[in-house]
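**Student:** Chains as they are written, first to last, in this note's numbering: chain A, 1 to 1010; chain B, 10001 to 10467; chain C, 20001 to 20185.
Dumping the structure here so I can ask a few things about it.
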Amino acid sequence: MKDSGFIPLDALQRAQAPVDSAERAPSPDLKALRSRLAAGKGPAFWRTLEEAAETDELREYVEQEFPGLSGQIPDAGTDRRSLLKVMAASLAMAGAAACTRQPTELIVPYVRQPENVIPGLPMFYATAMPLYGYARGLLVESHLNRPTKVEGNPDHPASLGATGIFEQASVLSLYDPDRSENILYEGRPSTWAEFTGVITREAEAARGRNGEGLAILTGVTTSPTFLSQMKALTDMSPSAKWYVHEPAVREVAAKAAHTIAGRAASLVYDLSQADVIVSLESDLLNNSPGGLAYARQFASRRSVDNGATPCRLYAIESSPTVSGSLADHRFAAKSGDIAGLAYQLAKACGVQAEANGAAPDWIAAVAQDLSNSKGRGVVIPGEYQPESVHLAAFAINEALGNVGKTVRVVESIEGPSTHTIEDLANDLTAGKVEVLLILGPNPLYSTPAALNLQPAMRRARLVIRLGQFYDETSKWAHWHIPEAHYLEAWSDSRAFDGTATIQQPLIMPIYGGKSGHEIVTFLVNQPDLSSHDIVKGYWNTQLKDANFEAAWQKAVHDGVVGGIPAPAEVTGAKAPALPALPAPETGTEIVFRPDPTIGDGSWANNGWLQELPKPQTKMTWDNTIWVSPKDATTMSLQKGDMLRVTVDGRSVEGPTWILPGHAEGSFTVHFGYGREMSGRVGTGIGYNAYKIQPVATPWIAAGTVTKTGGHYRLANTQETQTMAGREPVRAATLAEYREHPNFPTEFDKPVPNNDTLYYNSDYPYKGYKWGMSIDLNVCTGCSACIIACQAENNIAVVGKDQVARGRHMHWIRVDRYYSGDLDEPTLYNQPVPCMQCENAPCEVVCPVAATTHSTEGLNQMVYNRCVGTRYCSNNCPYKVRRFNFLLYSDWQTPSLYGVRNPDVTVRSRGVMEKCSYCMQRIQEAKIETEKQNRRVHDGEVITACQQVCPTRAIRFGDLNDPKADVVKQKQLPRQYALLDDLNTRPRTTYLGYVRNPNEALRGSGGNKQG
Amino acid sequence: METNKVDQNAVAIVDPGPDSILGPGHNYDSVTQRIAGVVFLDWKNTPKNWYLGLTVAMLFVMLLMTAVSYLFLKGVGIWGINIPIGWGFAIINFVWWIGIGHAGTLISAILFLLKQDFRTSINRFSEAMTLFAVACAGMFPILHLGRPWLFYWLLPYPNSMYLWPQPRSPLEWDVFAVSTYATVSVVFWYVGLLPDLASLRDTANPLWKQRVYAVLSLGWRGSAIHWHRYQKAYLLLAGLATPLVLSVHTIVSFDFAVAILPGWHTTIFPPYFVAGAIYSGFAMVLTLIIPFRSWYKLQDLITMRHLECCAKVMLGTGLIVAYGYSMEAFFSWYAGDKYESFMYWNRMTGPYAFTYALLILCNIALPQLLWIRKVRLNVPLLWALSIVINIGMWLERFEIVATSLTRDFVPSSWGTYIPTFWDWATYAGTLGFFLFLMFLFVRVLPAISIFEVREVVHHEHELEHAK
Amino acid sequence: MSHDLILSELPQVHGVMAEFVDSNDLIRAAKRAYTEGFRRMDAYAPMPVEGLAEAIGYKKNYVALCVLIGGMCGAIGGFSLLEWITVIAYPHNVGGRPLNSWPAYIPITFECMILAAALTSMFSMLAFNGLPRLNHPVFNVKAFERASIDRFFLCIESSDPKFKTEDTMEFLRGLGGSEVTVVPA
């Protein structure tokens, strides 16, 4: 019974039976309540009963007195007045619990003052989302205090207005109906007051022991407030131990930086200065704290227009990364061999390195290229590569004088923690841990099975888990406290470059969740401070400003705290002599990676992310085992064949995915799946790669892969990934481009404009004329646009089965094509929204005029007129229309109402839908500007996909405005329209893809035809 | 007590073979007796096969009802369709059924204008077939809608929202074409029935049957002047039905030809759709009439001549269809359009190649047997061939509708189409519905035009007098 | 002449009717009756008989004209409906096509024409024939039930000026009609 998440029957009965005062747990006394109400602590007057209800004594009292809100007459000793108050309050709470509540603390809107909230007009608040501990600055759209959509904060260095997929999806997690809703003790409902009682006693005791036996497990955090709290704690009780577990990151990079700098440090890159970039299996542009910023810098150097010379990217990787998809040269190599190659490269660049074996021929050329651009090149080590690679990379950068220019070493902003999850496991087994606080992570799922953490954890006397879900870890913890979502609680965090942001909540905790700050307060003996008071209190000590309130207001409002010194450059950082390499593994290697869309598994219950096609494979709802084409042939594997992967004794089974460009002899498995307690979305799909993750080398292992003979049905959104003789993507090398600037269209036969059955039927589009341009040159295929569109346009999640039937609903898709050699292919990404054709084939065939053209040239879809013939989709050459074959939108789950964008219809069964160029945003801008009696200026309408794009590949605007950004783009010679020869006259056009291969390497590294 | 005044077997049942359309020894009375007899056959003499067939058909009608109920409950998602394959069985069946219907109109209208003698005694039957086929076909365009309850939005009717349909869409043309076709078929059929209903009125017993037929016959009394106007009207109807039947399948083919999809966007569709329609229609006539004539012993009214002529028509239209295919193939290569050529190559070698192979076998290869007179005169073989052709024509529609959709312009959006149980159930259901109606029809209405057979008798008498 | 007699006979008698087994006899008889000056008469046959209607002096057939008019109305109505919808009532930019995309309206126009024409042909035929009419004096004759099976009838109606029951019956017998009977009104 103890272990089960369910409330045992007897407990229920006890809860409902009238409790007699003897057995009642710590009796809530009304004196305390009255005194609290009297004191300024609670609201002074009973104007709103909810406020009163906010005070925990009162809530406690009511929950004790009226379990399940069944009105019990309290026993004698309670006087009439307070009884009435209580009754009233409890009723009020019954209502209060139903609706979302306003925070009682003041939070500051980004663009408008709260007093002019106009229903229907959203407000934007600046905040930040900690992703693996590092801040991503956000502006969150709030409709009547209901956060519905996040955008990047242009003023924030780690965002620059863009976001990644996780930020976009985080809104859905906020409203996730499966989030845990109440405090549980041994799986039974309990109360905050009971918990505070317990933890206060425990903290007391721990302090008595100098914190001996007190253990705290968190993820990576950069929160200054939290760090200060932890400092206070360690000051108070020195022997308390702080462990950090971040399954998707782990500590390799940090350790390397420590070795280089001699103290806790981190490396910061500046790609805008880099002419030559060598990535040693790094996914810097996508999967790193500064990813968005780096992507923007990279994009700024990819321009080939107006004579600009683009940078050159070499990617050396086993398992294809998002960043690698844009590489001018991609070399597939086993993950384990990359250290060797790094050493070879180092040697070729004149670094003292013991490289065994002969270097592949391309090393010389790459080294040459690097040496030619001293100070303007950079070598980036892979996040998941061993320390040796990091050291080698730094050594090369050092040797070529890149340090200080394209790469800088700065002091770490992470906590001083040195304790890892392995240490925790050891301490637990050694019985050194009495009380364990788990603030966030889910170690019982996300740690190597070899650690065998579960029984170890039960050896602690008291385990307290703060988590958003009642999951694998909470199940084995004594206490489970619902954790507040980052949009629900005050906190702060810092970006990769040290910029601090104050995270303001946009909504009161929907399920009364608590933040880590609030838990730690008990340990540092300032019980029961609200996270607002904690954070504000901390910054009060930091902001050296005469008028703190003003400074605080400004900091919260801007989403960036001014006047905080950036982390200091580390002087005298030096690459040590490179350690000798272990003999290269010859056997099969298993490569471990966080899932491209589910990460370490904490996103498993997020439907948007589950259905987001993984950039490399366009696969949804499952993690596969990536196999190189060569291995697939030798093992005679088909897509979906079940494989058994065994790493020292432990094994998991997963379906095959044959991935062009994957290194031979290397198999990639992904974390994040195989969850046992994740909720209705994420539970029980895929396989759990943690089961075979080695402890010592978390990202790579020697193992065996065998065919089980089973087959597995996969749901992918793109069946064909060759261009089959058509040219949806037009590409050229830089040299070719210089000769034929208009290469995409130069060799096409001219479009037959006047062959029409009708008299000249051109419509003028005199007012606005919306159009879009997509630059294939900088699209990394990160797929943020897909999920941003989903969030903005209330696009339904259809589930694995429907995706497998070819019924996914995304309005914009990112097509992935391969050309050339299977083992060293050239990769192409192509985002495809609706083309908004002026001669739209879809409109002509609709019998009920449900899709017609607006005066601004938008191809409109009128849901309530659609009868669902699907003829429009058949006749759409781009196949961008999506159909509600069944009732896909969730009309049942109330909590999901919150996430919906009120400006966009929620579609019902049987109607067609498609990209509308975010016409709700166009309308909003037009209304605003019409009030001021002027035209919409360029940049005032930003589509969801455009806004989120880290590399600004998508431009949108008014084609009638000659100064518009999009017009300039469309005037570039690289411009071309998809399927131009059909004379559909698309409003969405593309800029051809220009690669910049190294002449010395012609014909290798995915440039067979280059 | 006797249930009717007719004596079925006044004249011996002799199939006069492939040269005559009427058995020997018939007179006005005997043909009336014989045909009306089919209707007035008392229950115990009704062929066992009729009961059996009706029951089986009934079961499939049940299946249809189940399938449709589930469809309305869940939505078209229960079928195998998806993006890109937005149209599946529903549209395939729609085109197939409409095509089948065309034979009836063709026989009764075009052959009438061409004064083909073998038209008589199969025209009524095939007109009924037309009606029921159109009824089945008409179901699908409504069922396949995402929101079928709003089908009436396709009709141009004044409404409070001032919305109107969009007449540039071939689907809108379909609405008019199919409804017109249905209406005109009914009119044509009913006008043809009038005099025979009068005959039934005068042969029926008991009184209530007489009354029913009397009302249905609108009091037809065979006045010479009535006959005169009647014939004029009938001639005009035939003259109207002929261009109609051609236009209907032309418009159905426009559903595809007007679209820009490779494999749809072709100018040869109208003629070869019409030919295909007649092809499948005649096949269906044979499929139905061969068992019918033997169950009811009508070999002397529906003779080998009728069967052989149908066979010849099938052969002819089959060749036109074959020509259509080859032209399609030729132009996909000759036009030099990469999408077109890939489309045809994909048909022949892609994932659905087996359907293409079957199609060629059923529609082109096997029907060539009809060149041989022995085959044309071999009833069981003829029947088997008619079924083969029906299957073939269904596959043709599958090729055009589904296979073309699976792989169009942008490779990233290519898909596969796998019909579900409900696809098959709906199709089988309409087959049952069709047969169900046919069985009822032969029970309550004269399946052969009595007065036209009388004319044949009259005609033959005249010839004898001449001798 | 003795109109009084005729008038007195009118109420009871619709006419007299002779039955024939062969259509040629009927035609012969009809022609004779016509030459004898009888005008108000009708012939009945179980199937259309060549020249029978002409024999009893039937001349004009207006069905075709009606159908022509009906068809034209259908065509004009259909086309103008579409024009009105797309140009006046519900103008929209549909796929860049002009509001008046007349070539696209031809199929529907054609269908409307056929529909109207077909309906006209049936209803005009029935109207001219005065159908539906379930009761008619000729049905009062028992033998007439074979008129829809295998017998031919010639009926001279009492409204004919030359009609005199006895004489006319004699006359019909003279034409070789078997079973000459009075048709009660």
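Cβ atoms here follow ideal geometry from the backbone N, Cα and C, with glycine treated the same way.
Because the structure is a prediction, the values reported are computed rather than measured.
Residues of chain C with CB under 9 angstroms from L10163 of chain B, in chain order?
**Tutor:** The contacting residues are Y20090.
**Student:** Determine contact between the region 20108-20121 of chain C and the region 849-859 of chain A, defined as no fewer than three beta-carbon pairs at a distance below 8 angstroms.
**Tutor:** With the cut-off at 8 angstroms, the region 20108-20121 of chain C and the region 849-859 of chain A do not touch.
**Student:** Which value, in whole angstroms, describes the spacing of the CA atoms of E838 of chain A and G781 of chain A?
**Tutor:** Distance between the alpha carbons of E838 of chain A and G781 of chain A: 27 angstroms.
**Student:** When you compare only the Cα positions, how much space is there between I413 of chain A and L292 of chain A?
**Tutor:** If you take the alpha carbons of I413 of chain A and L292 of chain A, they lie about 19 angstroms apart.
**Student:** So, with DSSP's three-state summary, where would you put Y828 of chain A?
**Tutor:** Looking at Y828 of chain A - three-state DSSP - the assignment turns out to be strand.
**Student:** Taking Cβ-Cβ distances shorter than 8 angstroms, what residues in chain D pair up with K10297 of chain B?
**Tutor:** Absent from the structure: chain D. Protein chains present are A, B and C.
**Student:** Taking any Cβ of chain A, which residues in the region 20092-20113 of chain C have a Cβ under 7 angstroms from it, in chain order?
**Tutor:** Listed in sequence order: H20092, N20093, V20094, G20095, G20096, R20097, P20098, S20101 and P20103.
**Student:** Mind listing which residues of the region 10451-10466 of chain B have their C-beta closer than 7 angstroms to chain C's C-betas, in chain order?
**Tutor:** Those would be F10451, R10454, E10455 and H10458, in chain order.
**Student:** What are the residues that DSSP puts in a beta bridge with N874 of chain A?
**Tutor:** DSSP, once it has assigned bridges, lists no residue as partnering N874 of chain A.
**Student:** For R263 of chain A, which of A:S272, A:Y269, A:D270 and A:A253 has the nearest alpha-carbon?
**Tutor:** Checking every option, the nearest Cα to that of R263 of chain A belongs to A:A253.
**Student:** What number of angstroms, rounded off, separates the C-alpha of L10073 of chain B from the C-alpha of L10145 of chain B?
**Tutor:** Whole-angstrom Cα-Cα distance: 13 angstroms.
**Student:** State yes or no: is the C-beta of A393 of chain A within less than 8 angstroms of the C-beta of P381 of chain A?
**Tutor:** Yes; because the gap between Cβ atoms is below 8 angstroms, this pair is in contact.
**Student:** Within 10 Å of its beta-carbon, does C99 of chain A have 16 or more other beta-carbons around it, so buried, or fewer, so exposed?
**Tutor:** The predicted position of C99 of chain A is uncertain, since its pLDDT is 48 and thus under 50; a value taken from the coordinates is nonetheless stated next. The residue in question, C99 of chain A, is exposed, as its Cβ has fewer than 16 Cβ neighbours within 10 Å.
**Student:** How about H20136 of chain C: is its C-beta nearer than 8 angstroms to some C-beta of chain B?
**Tutor:** By this cut-off, H20136 of chain C is an interface position.
**Student:** Let me see if you follow: with CB-CB separation under 8 angstroms, is P841 of chain A close to chain C or not?
**Tutor:** Chain C, which has a Cβ nearer than 8 angstroms to the Cβ of P841 of chain A, makes this yes.
**Student:** Taking the continuous alpha helix (DSSP H) assigned at W479 of chain A, which residues delimit it?
**Tutor:** Not the alpha helix (DSSP H): W479 of chain A falls in the beta strand (DSSP E), residues W479 to P482.
**Student:** Rounded to whole angstroms, what's the CA-CA distance from L10315 of chain B to Y10181 of chain B? Just pull it up for me.
**Tutor:** Looking at the two C-alpha atoms, the distance is approximately 26 angstroms.
**Student:** To the nearest angstrom, how far is it from the Cα of V20094 of chain C to the Cα of D938 of chain A?
**Tutor:** Their backbone Cα atoms lie some 28 angstroms apart in a straight line.
**Student:** For the beta strand (DSSP E) that contains I658 of chain A, what are its first and last residues?
**Tutor:** R650 to I658 is the extent of the beta strand (DSSP E) around I658 of chain A.
**Student:** Please list the segments of the alpha helix (DSSP H) lying wholly inside the region 10004-10079 of chain B, counting only runs of 4 or more residues, in order along the chain.
**Tutor:** The region 10004-10079 of chain B contains these whole alpha helix (DSSP H) runs: 10028-10040 and 10048-10074.
**Student:** On the CB-based measure, 16 or more other CB atoms within 10 Å of its CB, does R10211 of chain B come out buried or exposed?
**Tutor:** R10211 of chain B comes out exposed.
**Student:** For the region 854-873 of chain A, list every residue whose C-beta sits within 7 angstroms of some C-beta in chain C, in sequence order.
**Tutor:** Result list empty, no residue passes.
**Student:** Run through the region 223-308 of chain A for me and flag every whole alpha helix (DSSP H) of 4 or more residues, listed as ranges in chain order.
**Tutor:** Runs of the alpha helix (DSSP H) inside the region 223-308 of chain A: 224-236, 252-261 and 291-300.
**Student:** So T722 of chain A and Y863 of chain A are supposed to be a Cβ contact under 8 angstroms. How far apart are they, rounded?
**Tutor:** Not quite, the Cβ-Cβ distance comes to about 35 angstroms (not below 8 angstroms), so this is no contact.
**Student:** Consider the Cβ of S10449 of chain B: report whether some Cβ of chain A lies at a distance smaller than 8 angstroms.
**Tutor:** Output row for S10449 of chain B: interface = no.
**Student:** Contact criterion: CB-CB distance below 8 angstroms. Does S844 of chain A meet it with respect to chain C?
**Tutor:** One point to set straight first is that residue 844 of chain A is Val, not Ser, in the sequence displayed. True, the Cβ-Cβ gap to chain C drops below 8 angstroms.
**Student:** Is there a Cβ of chain C sitting closer than 8 angstroms to that of A10198 of chain B, yes or no?
**Tutor:** Cβ-Cβ to chain C under 8 angstroms: yes for A10198 of chain B.
**Student:** Of all the options A:T127, A:L978 and A:P950, which has the alpha carbon lying nearest to the alpha carbon of I507 of chain A?
**Tutor:** It is A:T127.
**Student:** Since L10054 of chain B and V845 of chain A should fall inside the 8 angstroms C-beta cutoff, what is the C-beta to C-beta distance between them, to a whole number of angstroms?
**Tutor:** The pair is not a contact, with the Cβ atoms about 41 angstroms apart (cut-off 8 angstroms).
**Student:** Let's see if you can read the secondary structure: which residues bound the alpha helix (DSSP H) around I20114 of chain C?
**Tutor:** First-last of the alpha helix (DSSP H) with I20114 of chain C: I20106 to N20129.
**Student:** What does Y20044 of chain C reach in chain B if we use C-beta pairs closer than 8 angstroms?
**Tutor:** Under the 8 angstroms cutoff, chain B gives R10221, G10222, S10223 and A10224.
**Student:** Does the pairing of the region 342-352 of chain A with the region 288-308 of chain A give three or more beta-carbon distances under 8 angstroms?
**Tutor:** With the cut-off at 8 angstroms, the region 342-352 of chain A and the region 288-308 of chain A do not touch.
**Student:** Rounding to the nearest angstrom, what Cα-Cα distance links I10081 of chain B and P841 of chain A in this structure?
**Tutor:** Near 21 angstroms, if we compare the C-alpha coordinates of P841 of chain A and I10081 of chain B.
**Student:** What residues in its chain sit with their C-beta under 6 angstroms from that of T10403 of chain B, if we drop five residues either side in the sequence?
**Tutor:** These residues qualify, in order along the chain: R10347 and Y10352.
**Student:** Taking any Cβ of chain B, which residues in the region 720-733 of chain A have a Cβ under 8 angstroms from it, in chain order?
**Tutor:** From the region 720-733 of chain A, only T720, Q721, T722, M723, A724, G725, R726 and P728 have a Cβ closer than 8 angstroms to chain B.
**Student:** If we define contact as Cβ-Cβ less than 8 angstroms, is V10076 of chain B a contact residue for chain A?
**Tutor:** Yes - at least one Cβ of chain A is within 8 angstroms of the one on V10076 of chain B.
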